[in-house]
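In the numbering used here, the protein residues as written are 135 to 254. What follows is a short report on a single structure.
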Amino acid sequence: MTSKLNLAVELQQFHGTENYYKHSLIKNIHYTDGVKYMAETANAYWLIDLVASYQTESKIRDQHFQVYSLKVNDDKTAKVTITDGNDNVLASQEIEFTDFPIDEISIWCVDGIILLPSEY
135 MTSKLNLAVE LQQFHGTENY YKHSLIKNIH YTDGVKYMAE TANAYWLIDL
185 VASYQTESKI RDQHFQVYSL KVNDDKTAKV TITDGNDNVL ASQEIEFTDF
235 PIDEISIWCV DGIILLPSEY
């Protein structure tokens with residue numbers, strides 16, 4: 135598995151995307167090369183699923199720009215906070231366990247596209 139430092143650096147290398155991948159269950163949700171790499175490398179397709187699942191809630195879906203911030207605690211619990219990009223919290227979710235290899239990451243959902251901030 136890639137180390138924390140390496141994965142964080144590797145994710146910063148993504149700018150734009152060449153491909154868009156369809157989410158398997160939620161219609162009209164796609165994700166980028168960088169998000170796919172993150173999910174494969176960190177075994178974190180669950181994070182893509184989490185973002186996609188929140189698109190069923192109108193107060194979130196109606197926000198064209200969404201920020202999902204994952205913060206992992208030392209005890210392997212975590213919290214995802216969803217904002218509108220202006221620090222207005224739309225929702226949050228506690229994660230009972232994760233082995234996500236980075237202490238913090240933000241991914242964005244812009245008009246149904248899940249992407250890394252560097253890919254915007």
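The beta carbon of each residue, even a glycine, is placed where N, CA and C say it ideally should be.
Taking residue i as the reference, give the member of the options with the closest Cα.
| i | options | result |
| --- | --- | --- |
| ILE239 | LYS205, ALA176 and SER252 | LYS205 |
| LEU159 | VAL185, ILE194 and ASP221 | VAL185 |
| PHE231 | ASP208, VAL244 and ASP218 | ASP208 |
Residue i to residue j, Cα distance in whole Å?
| i | j | result |
| --- | --- | --- |
| ILE216 | GLY150 | 22 angstroms |
| MET135 | ASP233 | With a pLDDT of 48 at MET135, under the threshold of 50, the modelled position of that residue is not reliable, and the figure given next carries that caveat. So the alpha carbons of these two residues sit roughly 11 angstroms apart. |
| THR211 | TYR154 | 30 angstroms |
| SER252 | VAL143 | 11 angstroms |
What residues are listed by DSSP as bridge partners for residue i?
| i | result |
| --- | --- |
| THR175 | For THR175, which the question treats as bridged, DSSP gives no partner whatsoever. |
| HIS164 | LYS156 and ILE247 |
| GLU238 | LYS205 |
Counting only the same chain and skipping the five closest in sequence on each side, list residues whose C-beta sits under 8 angstroms from that of residue i.
| i | result |
| --- | --- |
| LEU250 | LEU145, PHE148, THR166, GLY168, VAL169, MET172, ILE241 and TRP242 |
Could you pull out every residue in the same chain whose Cβ sits closer than 6 angstroms to the Cβ of residue i, ignoring the five residues on either side in sequence?
| i | result |
| --- | --- |
| ASN220 | none |
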